[in-house]
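Below: one structure, written as structure tokens.
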Amino acid sequence: MAILTEGLAFHERQDPLARRPGARGRKAKRPGHNLLVRLRDYRDDVLRFLTDFTVPFTVSIKGTPSV
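Residue 18 in our numbering sits at position 18 of the sequence shown; the count goes up by one each step and never skips.
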């Protein structure tokens, strides 16, 4: 959990991303920041496939043979 905290602190110290003039909505965040937030918010679900074998390794069903 400490590495997530360090990573989020790092991204908060970065200069904000440039915005188009007249842009509306929330300010864009860097992809690394978005990933860290997602890992923090879904901590219990990220590696669930390691302990619960009914959970697929990936959510991609493309190329998966139908049963």
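Beta carbons are placed, not taken as given, at the ideal position from N, Cα and C, and that holds for glycine.
Between Leu36 and Ala28, the C-beta gap is not smaller than 9 Å, which leaves the two residues out of contact.
For the pair Gln14 and Arg30, the CB atoms are nearer than the 9 Å cut-off. Where Asp41 is concerned, the enclosing alpha helix (DSSP H) starts and stops at Pro31 to Asp41.
Closest in alpha carbon position to Glu6, among Arg26, Gly32 and Gly22, is Gly32.
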